[in-house]
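Enquirer:
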């Protein structure tokens, strides 16, 4: 009987130890999916009635909450990867703005209760605003200095590349072979020639919550990947590094090394 108690006690101790090891090294705390995740268009306009006119789609309606809809769309466009190119918001009752991503553009405007939205390829949207417009036209306005997610990713890649080269480490173009989240605003990848090589991936998002969720999704698939974050400004970046631990640690040391 005494022997059985000892055996049971030993088994319990092993189970507790195994649970501790799992919790410490393998458990990944869940991160909720952000509300703004997976959208390529502003959610405020998804259920609106779009009409195809030539090469573009158009909403041109009188609605009581036109200003509110405009404001909501204005807030959502940068969150789904669009950058403001031009616009006018000096008149509270009549405003417009023109937004672009890499392949698509939006012109949105309201005048009182009139709401207008045009979407399509950038050149097609610009052409359409010569016929359909409220308050102002993009072609009549000066462009605004506005960063885009892809420019942010490229600028960060250049900055990291310069750090490695300052430390006599070469880099080369390379595709990321690790797991990827199903959504991001922009990405850029390259290889750092340290040891057996380190893959570097830069993902750009519009919020810190999106960055945290992207890291969680990737960690679930490959715990060996190391992550750094670059927060602040107009966008947030997640930097993922994949390779042998010693090589990745060296790459991180160089990245985090204070500038000269």
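In the working numbering, the protein residues as written are 1260 to 1519.
Every residue gets a Cβ at the ideal spot worked out from N, C-alpha and C, and that includes glycine.
(1) Does the distance from the C-beta atom of residue 1301 to that of residue 1332 stay below 9 Å?
(2) Express the C-alpha separation of residue 1419 and residue 1514 in angstroms, rounding to a whole number.
(3) Could you check where the beta strand (DSSP E) with residue 1354 kicks off and where it finishes?
(4) So for residue 1311, helix, strand or coil by DSSP?
(5) In three-state DSSP terms, what is residue 1421?
(6) Which partner residues does residue 1448 have in the DSSP bridge list?
(7) Tell me which residues share the same chain as residue 1359 and place their Cβ nearer than 7 Å to its Cβ, disregarding the 5 neighbours each side in the sequence.
(8) I'd like to know if the segment 1313 to 1323 and the segment 1362 to 1376 are in contact, where contact means that at least 3 CB-CB pairs between them fall below 8 Å.
(9) Where does residue 1298 sit, in a helix, a strand or coil, going by DSSP?
(10) Could you tell me the alpha carbon to alpha carbon distance between residue 1379 and residue 1299, rounded to whole angstroms?
(11) Spatial neighbours of residue 1489 within its chain, please: C-beta separation below 6 Å, excluding the five flanking residues on both sides.
(12) Leaving out five residues before and five after residue 1348 in sequence, what residues of the same chain have Cβ atoms less than 6 Å from its Cβ?
(13) Return the chain-ordered list of same chain residues with a C-beta closer than 8 Å to the C-beta of residue 1393, the five sequence neighbours on each side being excluded.
(14) Straight-line CA distance for residue 1346 to residue 1364?
(15) Do you know how far the Cα of residue 1479 is from the Cα of residue 1350?
(16) Check whether the Cβ atoms of residue 1313 and residue 1383 sit closer than 9 Å, and answer yes or no.
(17) Going by CA-CA distance only, name the one from 1439, 1387 and 1485 that's closest to residue 1507.
(18) Given a threshold of 16 other Cβ atoms within 10 Å of its Cβ, counted over all protein chains shown, does residue 1425 qualify as buried or as exposed?
(19) Could you check which residue in 1445, 1470, 1476 and 1475 has the C-alpha nearest to that of residue 1416?
(20) Just to confirm, are residue 1366 and residue 1400 a CB contact at a threshold of 9 Å?
Expert: Taking the definition as stated:
(1) yes
(2) 7 Å
(3) 1353 to 1359
(4) strand
(5) helix
(6) 1460
(7) 1341, 1342, 1344 and 1381
(8) yes
(9) coil
(10) 12 Å
(11) 1496
(12) 1354
(13) 1353, 1355, 1368, 1369, 1370, 1373 and 1375
(14) 13 Å
(15) 49 Å
(16) yes
(17) 1485
(18) exposed
(19) 1445
(20) no
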